[in-house]
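**Q**
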Ligand SMILES: [Zn+2]
């Protein structure tokens, strides 16, 4: 079975074929408390990109479904890399990458803390990339709204801020507990990835493109004038 995958080590997309995948043998056991059958195994996916070829490793637990008469995946743990953390270039500030990585690492353990870290990451990026600093994150997001010129993204960033607030500030009514689900925290960390790409990586690519054009122009001038 072939499927498309982006490698968490090199960030390159490729088609994974059967021979890129390896399974360990299964460890099987019956749980007496719930009279269910379980199966454990390790799976590795090797990146087909020649300069990478790193193995992503998962631990998986399956439970036997008596009605469907087949094993179904009930738990998956990333062993290497520990979380699906994207590798970003060095020109993205260290502190931002650190918060992002931590937000990814604690997704399942504490989605609320992860959301708070994504929020912190967002604030760090607005201050560093847009050079905007106000009393509140809300005011900072509003300050970049016109320059961003993307209403959908503005709304998504505001949502990230609000969900991140759940962990950052206690509600006025301390008995009111709002939870953040792991999938929601994962979406927020994913939005941070998009912002790093849209802001830092796009700016660098633009800079490189302009430099290349300017270099071509200089080369042409030299040829035209005949002097180095
Ligand atoms: Zn790779």
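In my numbering, the protein residues as written are 4 to 231. Ideal Cβ placement from N, Cα and C applies to all residues, glycine included. Predicted model only: the values in this text are computed from it and were never measured.
(1) Counting only the same chain and skipping the five closest in sequence on each side, list residues whose C-beta sits under 8 Å from that of residue 102.
(2) Does any heavy atom of ligand 1 sit closer than 6 Å to the C-beta of residue 12?
(3) If the criterion is Cβ atoms closer than 7 Å, does the pair residue 185 and residue 92 meet it?
(4) Quick check: what's the CA-CA separation for residue 105 versus residue 117?
(5) Residue 159 and residue 108 look like a contact to me (Cβ under 8 Å); what is the Cβ gap, rounded to whole Å?
(6) Give the straight-line distance between the Cα atoms of residue 15 and residue 38, rounded to the nearest whole angstrom.
(7) My output table needs one value for residue 43: the three-state DSSP class, helix, strand or coil.
(8) Who are the Cβ neighbours of residue 157 in its own chain at under 8 Å, not counting the five residues just before and after it?
(9) Have a look at the DSSP bridge pairing and note the partners of residue 21.
(10) Quick check on the DSSP output: the alpha helix (DSSP H) that includes residue 182 runs from which residue to which?
(11) Cβ atoms of residue 140 and residue 164: under 7 Å apart, would you say?
**A** Walking through what the data contain:
(1) Shown here for residue 102: same chain residues with a beta carbon closer than 8 Å to its own, the five before and five after excluded, namely 120, 121, 123, 124 and 127 in chain order.
(2) Yes; taking the cut-off as 6 Å, the Cβ of residue 12 has a heavy atom of ligand 1 nearer than that.
(3) Result no, Cβ atoms of residue 185 and residue 92 do not sit closer than 7 Å.
(4) Taken atom to atom, the span from the alpha-carbon of residue 105 to that of residue 117 is near 7 Å.
(5) The pair is not a contact, with the Cβ atoms about 23 Å apart (cut-off 8 Å).
(6) Approximately 43 Å between the Cα atoms of the pair.
(7) If DSSP states are grouped into helix, strand and coil, residue 43 belongs with the strands.
(8) Cβ neighbours of residue 157 beyond the five flanking positions: 144, 148 and 151.
(9) Answer is none; residue 21 lacks a bridge partner.
(10) Looking at the DSSP string, residue 182 is not in any alpha helix (DSSP H), and its letter there is neither H nor E.
(11) For the 7 Å CB-CB criterion, residue 164 and residue 140 form a contact.
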